[in-house]
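**Student:** Here you go, one structure.
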Amino acid sequence: MSLPNRDEVEGKLDQAKGVVKENVGRAINDRDMEDEGIADRASGNVQEGYGETKRKVGDTIKDIGDAVGR
Numbered sequence: 148m149s150l151p152n153r154d155e156v157e158g159k160l161d162q163a164k165g166v167v168k169e170n171v172g173r174a175i176n177d178r179d180m181e182d183e184g185i186a187d188r189a190s191g192n193v194q195e196g197y198g199e200t201k202r203k204v205g206d207t208i209k210d211i212g213d214a215v216g217r
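Quick note: this note's numbering has the sequence shown finishing at residue 217, numbered continuously throughout.
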């Protein structure tokens, strides 16, 4: 298994940012901020999933190349 790529890391960061915004928005009764947090979390989930898929495809291609090269 390879290390997380940029999309996976940025996705996780967006998720964390979203959680903070959502909780702060809820605490100060700012519905717009809370909604932004929810959107940031969703966007982060999508970006992380894209990065994970990209990494897995790359790993599979590498494994196939290694198997063919034997």
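Where a beta carbon is used, it is the ideal one built from N, C-alpha and C, also for glycine. Owing to the predicted nature of the structure, the values given are computational and were not obtained by experimental measurement.
Whole angstroms are fine: how far does the CA of residue 205 sit from the CA of residue 187?
**Tutor:** In this structure, the CA atom of residue 187 is about 27 Å from the CA atom of residue 205.
**Student:** Relative to the alpha-carbon of residue 152, which residue among 201, 176, 178 has its alpha-carbon at the smallest distance?
**Tutor:** 201
**Student:** Would you identify the three-state DSSP class for residue 190, choosing helix, strand or coil?
**Tutor:** The DSSP-derived three-state label of residue 190 is helix.
**Student:** Is residue 194 near residue 169, with beta carbons less than 8 Å apart?
**Tutor:** no
**Student:** Can you give the Cα-Cα distance for residue 179 and residue 196, rounded to whole angstroms?
**Tutor:** Each residue's alpha carbon lies about 26 Å from the other.
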